[in-house]
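Each remark here refers to the structure printed beneath this line.
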């Protein structure tokens, strides 16, 4: 590239926002919509699974999942996601973004449907089937992270790239919302059709046999949005940056993007020859990578890891917090389907008030404020609100102060989403070279999922009452909710500090951020661009 960008890449960088940008957001975003629906809908039905499969006659409280089963059901998809992020991230750089993109979607569709099916009737066989398919569902979801981010960053222009990648990620908010709303509608209609007394009135009749269909339908519907976008994913051309810089076929890149941008782009034969002659550049496990991008990778992995510890420990156990502050009545005062309805309603309210707005605030401001400022601000306020919830925790548990607790809790979420939850996804797709971009994003995302596993598994035990007698059945005594919130506050403060390792990528081209333009300069002075290498005017 002789120190100057290929015309096709420049054309993408300076293109005005047009229809193909929005189709790319929707095609990539529907994957995230499905991801969020699938990962979060399990928390709507875990209490129901406990009532159906772990009912014990004569017990004062309804049946609940044993600790090891609960941890497996809630966390197994995260383990799959972590593996998928590493594997498909690497594969996306090896085979190309497009080839791998369809595989991940198909895996999500098949496993969403299969997770609602069971081999056998015993609790053990049902949970084993559920966990098996949710692992592979997670594996497919994991692939969507690096591929969607990389595809969107490589299609976008310089000016609004942050907003476009963040918009793909923001579809998660709608996925969580859709999961909640669908569960509300379904549980309401089940409740109307199959009336049942509360558990304390009649323990056996409080869980109607039809409740077994409810959780299966909620899980299986996750396949629909993914299936609907499969055709469009297959129609997307490979990104020009992969084709030109990694596959070294700049002629094909120019012809693909001519169709997408609806303008003539010259193939630039001289630069094509130069590209073909270039070596493929340094790999991931080289001193050169460590020197140029080592701290960047440490920054993206550590901040995502720390964020997800806090983010997922809250999200998965929202229902327990709601019960603790009285938003959801005690389990024995409800029947099984009513409990699903109440949990879904509470989660939907939180999503509507804080999760969804937070995501779209990031979309609106990321290209004005920059990634760095938003991430710092988000971690700062998350730390403040966590400590504000934790230190006077006893104050928040009084009946009169519950609304205040929910407002503070919502604000923590708002600043997670208008903050590091979105920026940790955006930045790794912008700062690494094209040949390693998908891999590095996969590594960063997998580090985040490791944090989610710590948050989901660790806090399941940590948040238990310090008095063993008051802890949930089968759990050892923990450090209590108050101390758990203090730990999360410290985690957020560490995230604030590690943000200083992450560079700002606002308004810069991907090649400028990754240093690929310099890599490709011949020794000595860069030759002046040939007439065929003139920069294009912005696309009308």
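Residue numbers (my numbering): 831 to 1370.
Where a beta carbon is used, it is the ideal one built from N, C-alpha and C, also for glycine.
Exercise. Grab the span of the alpha helix (DSSP H) containing residue 978 for me, first residue to last.
Key: Taking the first residue of the chain shown as 1, we reach residue 978 at position 148. Note, residue 978: alpha helix (DSSP H), 953-985.
Self-check item: Range of the contiguous alpha helix (DSSP H) that encloses residue 924
Solution: Stepping through the chain shown from its first residue, residue 924 is reached at position 94. Where residue 924 is concerned, the enclosing alpha helix (DSSP H) stretches over 897-925.
Practice problem: Let me know if residue 1123 comes out buried or exposed under the rule of 16 or more other beta-carbons within 10 Å of its beta-carbon. | Solution: Here residue 1123 refers to the residue found at position 293 when the chain shown is read from its first residue. Classification for residue 1123: buried.
Quiz prompt | Exposure of residue 1337, with buried meaning 16 or more beta-carbon neighbours within 10 Å | solution = Position 507 of the chain shown, counted from the start, is the residue given in the question as residue 1337. Residue 1337 is exposed by the Cβ-count criterion.
Quiz item: Can you give the Cα-Cα distance for residue 1284 and residue 1133, rounded to whole angstroms?
Solution: Position 454 of the chain shown, counting from 1, holds the residue named residue 1284. Position 303 of the chain shown, counting from 1, holds the residue named residue 1133. When rounded, the distance between both Cα atoms is 14 Å.
Quiz item: Excluding five sequence neighbours on each side, which residues of the same chain lie with their C-beta closer than 8 Å to the C-beta of residue 1265?
Solution: The sequence position of residue 1265 within the chain shown is 435, counting from 1. Contacts found: 923, 1075, 1076, 1110 and 1111.
Quiz prompt | Own chain partners of residue 880 with C-beta closer than 6 Å, once the 5 adjacent residues on each side are dropped | solution = To locate residue 880, count along the chain shown from 1; it is residue 50. Excluding sequence neighbours, residue 880 sits near 893, 894 and 895.
Practice problem: Would you mind sorting residue 890 into buried or exposed? The rule is 16 or more other CB atoms within 10 Å of its CB. | Solution: Residue mapping note: residue 890 aligns to position 60 of the chain shown, counting from 1. Exposed: under 16 other Cβ atoms inside 10 Å.
Quiz item: Considering residue 1240, what are the terminal residues of the alpha helix (DSSP H) in which it resides?
Solution: One-based indexing of the chain shown puts residue 1240 at position 410. Residue 1240 -> alpha helix (DSSP H) spans 1232-1247.
Quiz item: On the three-state DSSP scale, how would you describe residue 1041?
Solution: As a first step, residue 1041 must be located in the chain shown, where it is residue number 211. Here residue 1041 sits in helix by DSSP.
Self-check item: Given residue 991 as reference, the closest of 952, 1089, 846 and 1052 once Cα atoms are compared
Solution: If you number the chain shown from 1, residue 991 lands on position 161. It is 846.
Self-check item: Residues near residue 930 in its chain [Cβ-Cβ closer than 8 Å; skip 5 each side]
Solution: Numbered from 1 along the chain shown, position 100 holds the residue referred to as residue 930. So the qualifying residues of the chain are 918, 921, 922, 973 and 977.
Quiz item: If you pair each beta-carbon of the stretch 1247-1266 with each one of the stretch 1198-1213, do three or more pairs fall below 8 Å?
Solution: Yes, the stretch 1247-1266 touches the stretch 1198-1213.
Practice problem: Just confirm the distance between the C-beta atoms of residue 1036 and residue 1022, as a whole number of angstroms; I'd bet it's less than 8 Å. | Solution: Taking the first residue of the chain shown as 1, we reach residue 1036 at position 206. Taking the first residue of the chain shown as 1, we reach residue 1022 at position 192. With 8 Å as the limit, residue 1036 and residue 1022 do not qualify as a contact, their Cβ atoms being about 16 Å apart.
Quiz item: So, residue 999 versus residue 1189, is the Cβ gap smaller than 9 Å?
Solution: Numbered from 1 along the chain shown, position 169 holds the residue referred to as residue 999. Numbered from 1 along the chain shown, position 359 holds the residue referred to as residue 1189. Yes, Cβ-Cβ distance for residue 999 and residue 1189 is below 9 Å.
Quiz prompt | DSSP three-state assignment for residue 1258, whether helix, strand or coil | solution = On the chain shown, residue 1258 is found 428 positions in, with the first residue counted as 1. Here residue 1258 sits in helix by DSSP.
Quiz item: Would DSSP call residue 888 helix, strand or coil?
Solution: Locating residue 888 in the chain shown gives position 58, counting from the first residue. Looking at residue 888 - three-state DSSP - the assignment turns out to be coil, as it is neither helix nor strand.
Self-check item: Test item: CB-CB of residue 1173 and residue 1038 under 9 Å
Solution: Taking the first residue of the chain shown as 1, we reach residue 1173 at position 343. Taking the first residue of the chain shown as 1, we reach residue 1038 at position 208. No. Outside cutoff.
Quiz item: Would residue 1030 pass as a contact of residue 1162 if the rule is Cβ separation under 9 Å?
Solution: To locate residue 1030, count along the chain shown from 1; it is residue 200. To locate residue 1162, count along the chain shown from 1; it is residue 332. Cβ distance < 9 Å, so residue 1030 and residue 1162 count as in contact.
Quiz prompt | Closest by C-alpha distance to residue 986, when choosing among 1276, 1063, 1288 and 853 | solution = As a first step, residue 986 is located in the chain shown; it is residue number 156 there, counting from the start. Considering only alpha carbons, the answer is 853.
Quiz item: Using the beta-carbon count (16 or more within 10 Å), is residue 915 buried or exposed?
Solution: Translated into positions along the chain shown, residue 915 becomes position 85. Classification for residue 915: buried.
Practice problem: Excluding the 5 residues preceding and the 5 following residue 1279 in the sequence, name in chain order all residues of the same chain whose CB lies nearer than 6 Å to its CB. | Solution: As a first step, residue 1279 must be located in the chain shown, where it is residue number 449. If we look at residue 1279 and ignore the five residues flanking it on each side, its Cβ neighbours are 908, 911 and 912.
Practice problem: Go through its chain and collect everything with a Cβ distance to residue 848's Cβ below 6 Å, but skip five positions before and after it. | Solution: The residue labelled residue 848 in the question sits at position 18 within the chain shown. Taken in chain order, the list of residues that qualify is empty.
Exercise. Give me the Cα-Cα distance between residue 1187 and residue 1244, rounded to the nearest whole angstrom.
Key: Taking the first residue of the chain shown as position 1, residue 1187 is located at position 357. Taking the first residue of the chain shown as position 1, residue 1244 is located at position 414. Looking at the two C-alpha atoms, the distance is approximately 7 Å.
Quiz item: Does DSSP classify residue 1297 as helix, strand or coil?
Solution: Within the chain shown, numbered from 1, the residue matching residue 1297 stands at position 467. Here residue 1297 sits in coil by DSSP.
Quiz item: For residue 1227, which residues from the same chain have a beta carbon less than 6 Å from its beta carbon, with the 5 sequence-adjacent residues on both sides left out?
Solution: Indexing the chain shown from 1 puts residue 1227 at position 397. Around residue 1227: no qualifying Cβ.
Practice problem: Starting from residue 1189, trace the alpha helix (DSSP H) both ways and give me its first and last residue. | Solution: Translated into the one-based positions of the chain shown, residue 1189 becomes position 359. Taken as a continuous stretch (DSSP letters only), the alpha helix (DSSP H) holding residue 1189 covers 1186-1199.
Quiz item: Quick one, are the C-beta atoms of residue 975 and residue 865 less than 9 Å apart?
Solution: Residue 975 sits at position 145 when you count from the first residue of the chain shown. Residue 865 sits at position 35 when you count from the first residue of the chain shown. Cβ atoms of residue 975 and residue 865: closer than 9 Å.
Self-check item: Local conformation of residue 1164 per DSSP, three classes
Solution: Along the chain shown, one-based indexing puts residue 1164 at 334. Three-state result, residue 1164: coil.
Self-check item: Of the listed residues 932, 947 and 969, nearest to residue 1272 (C-alpha basis)
Solution: As a first step, residue 1272 must be located in the chain shown, where it is residue number 442. Measuring from the Cα of residue 1272, the nearest candidate turns out to be 969.
Quiz item: Where residue 1237 and residue 1119 are concerned, what is the direct C-alpha to C-alpha distance, given to the nearest angstrom?
Solution: In the chain shown, the residue the question calls residue 1237 occupies position 407. In the chain shown, the residue the question calls residue 1119 occupies position 289. If I take the Cα positions, the gap works out to 44 Å.
Quiz item: Given residue 1010, which residues of its chain have a CB within under 8 Å of its CB, disregarding the five upstream and five downstream residues?
Solution: As a working mapping, residue 1010 is identified with position 180 in the chain shown. Cβ within range, chain order: 874, 1174, 1175, 1177, 1178 and 1181.
Quiz item: On the premise that residue 1332 lies in contact with residue 1200, defined as a C-beta separation below 8 Å, what is that separation, rounded to the nearest angstrom?
Solution: On the chain shown, position 370 is the one that residue 1200 refers to. On the chain shown, position 502 is the one that residue 1332 refers to. Their Cβ separation, rounded to whole angstroms, is 11 Å, which puts residue 1200 and residue 1332 out of contact at 8 Å.
Quiz item: Can you tell me whether residue 1327 is buried or exposed, with buried defined as 16 or more other CB within 10 angstroms of its CB?
Solution: Translated into positions along the chain shown, residue 1327 becomes position 497. Label assigned to residue 1327: exposed.
Self-check item: Start-end ranges of the alpha helix (DSSP H) lying completely within the stretch 1001-1068, minimum 4 residues
Solution: Secondary structure in the stretch 1001-1068: the alpha helix (DSSP H) runs of 4 residues or longer, each lying completely within the stretch, are 1041-1050 and 1053-1065 in chain order.
Self-check item: Of the listed residues 1046, 1006, 1003 and 1028, nearest to residue 1016 (C-alpha basis)
Solution: The residue you call residue 1016 lines up with position 186 of the chain shown. The candidate whose alpha carbon is nearest that of residue 1016 is 1046.
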